[in-house]
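K.L.:
Got a structure here, written out as structure tokens. Questions coming.
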Amino acid sequence: MNSPNKALSYLGLAMRAGKLAIGEEGVLKAVRSGQARLVVMAEDASDNTRKKFQDKCQHYGVTLAECFDRYELGAAIGKEARVLVAVVDAGFARLIEPCLVNNPEVKPID
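If you want our numbering, it's the position in the sequence shown, counting the first as 1, plus 1194.
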């Protein structure tokens, strides 16, 4: 299994374990409260959403990765289209982050 598929599988596991915050409001709350360990944003997110979460994640020191599209991200977690998910468990974040960082298709955002 290649890294992007592995990352999507881990996101699905994290969702079933209750270790994800989903949607703009849920992710924003997790980032602000310090619970978010990793934020994954869909490549087709709006410019406004992209700017907002780049700034928030940078300010709060949360890793942000831009990858997949909203439909792939949603399908991975068993929902319809989703633009943002935040991993709130350090263990899952440690599993998912290397799959994204070592993938040339993923745009890391500092």
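Glycine included, each C-beta is placed from N, C-alpha and C at the ideal position.
Exposed or buried, which one is Arg1231 when buried takes at least 16 other CB atoms within 10 Å?
P.N.:
Along the sequence shown, one-based indexing puts residue 1231 at 37. It counts as buried.
K.L.:
Please tell me whether Glu1291 and Thr1257 are closer than 9 Å, where the distance is taken between their beta carbons.
P.N.:
One-based indexing of the sequence shown puts residue 1291 at position 97. One-based indexing of the sequence shown puts residue 1257 at position 63. Result yes, Cβ atoms of Glu1291 and Thr1257 sit closer than 9 Å.
K.L.:
In whole angstroms, what separates the C-alpha of Leu1289 from that of Lys1250?
P.N.:
Taking the sequence shown and counting its residues from 1, one reaches residue 1289 at position 95. Taking the sequence shown and counting its residues from 1, one reaches residue 1250 at position 56. C-alpha separation (whole angstroms): 23 Å.
K.L.:
Quick one: grab the DSSP three-state call for Val1225.
P.N.:
As a first step, residue 1225 must be located in the sequence shown, where it is residue number 31. Looking at Val1225 - three-state DSSP - the assignment turns out to be helix.
K.L.:
May I have the straight-line CA-CA distance separating Asp1241 from Val1221, to the nearest angstrom?
P.N.:
Mapped onto the sequence shown, residue 1241 falls at position 47. Mapped onto the sequence shown, residue 1221 falls at position 27. Rounded to whole angstroms, Asp1241 to Val1221 spans 17 Å at the Cα level.
K.L.:
Could you please give the first and the last residue of the uninterrupted alpha helix (DSSP H) stretch that includes Glu1266?
P.N.:
By 1-based counting over the sequence shown, the position of residue 1266 is 72. Here the alpha helix (DSSP H) through Glu1266 covers 1264 to 1270.
K.L.:
With a threshold of 8 Å, establish whether the CB of Cys1251 neighbours any heavy atom of the ligand ZN.
P.N.:
Among the ligands in the structure shown, none appear at all, so the ligand ZN cannot be discussed.
K.L.:
Once the 5 residues before and after Tyr1254 are set aside, which same chain residues still bring their CB inside 6 Å of it?
P.N.:
Sequence index remark: in the sequence shown, residue 1254 carries index 60 (1-based). Hits under 6 Å: Val1225.
K.L.:
Given a cut-off of 9 Å, decide if Glu1274 and Val1234 are closer than it, judged by their beta-carbon atoms.
P.N.:
On the sequence shown, position 40 is the one that residue 1234 refers to. On the sequence shown, position 80 is the one that residue 1274 refers to. No, they are not a contact pair.
K.L.:
Are the beta-carbon atoms of Val1279 and Leu1267 separated by less than 9 Å?
P.N.:
Locating residue 1279 in the sequence shown gives position 85, counting from the first residue. Locating residue 1267 in the sequence shown gives position 73, counting from the first residue. The answer is yes: Cβ separation under 9 Å.
K.L.:
Excluding the 5 residues preceding and the 5 following Asp1283 in the sequence, name in chain order all residues of the same chain whose CB lies nearer than 8 Å to its CB.
P.N.:
Residue mapping note: residue 1283 aligns to position 89 of the sequence shown, counting from 1. Correct list, in chain order: Ala1208, Ala1211, Lys1213, Arg1231.
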